[in-house]
Amino acid sequence: MATIALSAITGGLSAISHALRRQFLVGLALATAVALAPAQANAQGRAAPPAELKQITSDLYFFYEFAGSNAVFMVTDEGVLVIDTRTHPRHGQALLDMIRKVTDKPIKWVINSHFHGDHHFGNAPFKATGATFVAQAETARIMQHVQPKEMARRIDGFKNQGLDPNEVKLVLPDVTFDNAMTIKLGGREVRLMYLGPGQQAGDTFVAFPHARALFTPGAFGKRSMPNMAFTPSVDSWVKLLEQVATMDVDRILPAHGDVATRADVKELAAMLADEYATVKDAVAKGVSVDDAIKTLTFPQYKDWRNYNRLAGEIRALYELIQTGKRSYLD
Ligand SMILES: [Zn+2]
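Next comes the structure, spelled out in structure tokens:
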């Protein structure tokens, strides 16, 4: 019913200016996204804002879903480039439907920014379009290696949303790169960068020089305490965030959380350095992990997103500092 009504409305828009029509269509896409992702309570118990499609420049779009994960797409005359495909094939399809309301150009490239399932489990509908998939070599390797664990930690979420876990199919990249890759599409250049491990090995940053915008992977979220179970080196992570904070861009488009600035990236680098130094100090003093969890409360970050996961993050840092191991990646 909704589909018929929408096509009748959009058909009647042909006389309206292209810009206005596009804005209207983005509005429709948004309505679709909201319908597909009903507001969920976040970890702090507050209602999450509804999903939103933000037009960053004439050709660059940021799909922002606080309760799930973000995606970015660039529309050119030659086709579309997409970064990340959300958490489930149904989410991926909804993203694809949204893109289709903005453009009918072919999907040429899909980049998966890191190995977490909430950024590539939506790949299958995009694979069906014939797009070429690209990821950093470590991301490709880990995606394959930890697929059962990535599924296991999302099963409850799928069930809560009425989604069938069996619909998730691992779609691996067609192309991998080690340090850098440039994609040229429709007169635009898109630069993929691997700056070393951040939140995990394989964390891929994507620059859109024409838009003065940078996509950041799991390594960054604005005022958000990250999951520390995957990083092989917090020092490397802090260093790369400091590097990103000096890049010549105006906008940061993160894999989680809203559009941010370089100052926000710098703030996260400082928080990580502080958290890491504090936990390292406790380990050096022989404090047990359970005592560290009781005493290291980091009250200065109590308003940050995911503060409620602090105990798990201290435990994960203890594992890294004491053993150098990342058991999740075994
Ligand atoms: Zn994620």
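Sequential numbering from 1 applies to the sequence shown in the numbering used here. Don't be surprised by glycine CBs; every beta carbon is placed ideally from N, CA and C.
Within its chain, find whatever has a CB closer than 8 angstroms to the CB of residue i; leave out the 5 residues flanking it on each side and keep chain order.
| i | result |
| --- | --- |
| Ile-321 | Val-279, Lys-280, Val-283 |
| Thr-132 | Lys-108, Trp-109, Val-110, Asp-174, Val-175 |
| Leu-214 | Phe-205, Val-206, Ala-207, Phe-208, Val-244, Met-247, Val-249, Arg-251, Ile-252, Leu-253 |
| Val-259 | Lys-54, Ile-56, Phe-62, Tyr-64, Arg-251, Ile-252, Leu-253 |
With the cut-off set at 7 angstroms, would you say residue i and residue j are in Cβ contact?
| i | j | result |
| --- | --- | --- |
| Glu-138 | Met-228 | no |
| Val-246 | Trp-237 | The amino acid at residue 246 is misidentified as Val; the sequence shows Thr. Taking 7 angstroms as the Cβ cut-off, Thr-246 and Trp-237 do not qualify as a contacting pair. |
| Asp-97 | Val-75 | no |
| Glu-167 | Pro-49 | no |
| Arg-315 | Val-287 | no |
| Gly-186 | Lys-222 | no |
| Gln-147 | Leu-170 | yes |
| Ala-311 | Ile-293 | yes |
Might you give, ordered along the chain, the residues of its own chain that have their beta carbon closer than 7 angstroms to the beta carbon of residue i, omitting 5 neighbours on each side?
| i | result |
| --- | --- |
| Leu-95 | Phe-63, Ala-71, Thr-85, Arg-86, Gly-122 |
| Leu-195 | Phe-205, Leu-240, Gln-243 |
| Ser-233 | Pro-197 |
Among the options, whose alpha-carbon lies nearest the alpha-carbon of residue i?
| i | options | result |
| --- | --- | --- |
| Gly-200 | Thr-295, Leu-240, Pro-173 | In the sequence as presented, Gly is not what sits at residue 200; that position holds Gln. It is Leu-240 whose Cα lies nearest to the Cα of Gln-200. |
| Val-134 | Gly-202, Val-265, Pro-89, Lys-169 | Gly-202 |
| Ala-255 | Lys-266, Ala-48, Phe-66, Pro-50 | Phe-66 |
| Asp-77 | Ile-83, His-88, Asp-104 | Asp-104 |
| Leu-192 | Met-181, His-116, Leu-185, Pro-165 | Met-181 |
| Thr-178 | Arg-188, Pro-197, Leu-163 | The sequence given here places Asp at residue 178; Thr does not occur at that position. Checking every option, the nearest Cα to that of Asp-178 belongs to Pro-197. |
| Gly-162 | Leu-272, His-91, Ser-224, Ala-269 | His-91 |
| His-116 | Ile-142, Val-190, Gln-136, Gly-130 | Ile-142 |
| Val-190 | Phe-73, Arg-326, Lys-159 | Phe-73 |
| Asp-303 | Met-225, Glu-275, Asp-235, Ala-211 | Met-225 |
| Ala-263 | Asp-274, Tyr-301, Phe-220, Gln-300 | Phe-220 |
Which residues bound the beta strand (DSSP E) around residue i?
| i | result |
| --- | --- |
| Phe-63 | 60–64 |
| Ile-83 | 80–83 |
| Pro-226 | Per DSSP, Pro-226 belongs to no beta strand (DSSP E) and is neither H nor E. |
| Phe-205 | 204–208 |
Go to residue i, then tell me how far its alpha helix (DSSP H) extends in each direction, as first and last residue.
| i | result |
| --- | --- |
| Val-244 | 234–244 |
| Gln-161 | No alpha helix (DSSP H) contains Gln-161, which DSSP labels as neither H nor E. |
| Val-171 | Note, Val-171: premise wrong, no alpha helix (DSSP H); not H, not E. |
Using 6 angstroms as the cut-off, classify the Cβ of residue i as near or not near the heavy atoms of ligand 2, replying yes or no.
| i | result |
| --- | --- |
| His-116 | Questions concerning ligand 2 fall outside what the structure shown contains, since the ligands it does hold are ligand 1. |
When we look at the beta-carbon of residue i and count the other beta-carbons within 10 Å, is it buried (16 or more) or exposed?
| i | result |
| --- | --- |
| Thr-323 | exposed |
| Pro-125 | buried |
| Ile-83 | buried |
| Asp-156 | exposed |
| Thr-297 | exposed |
| Asp-330 | exposed |
| Pro-217 | buried |
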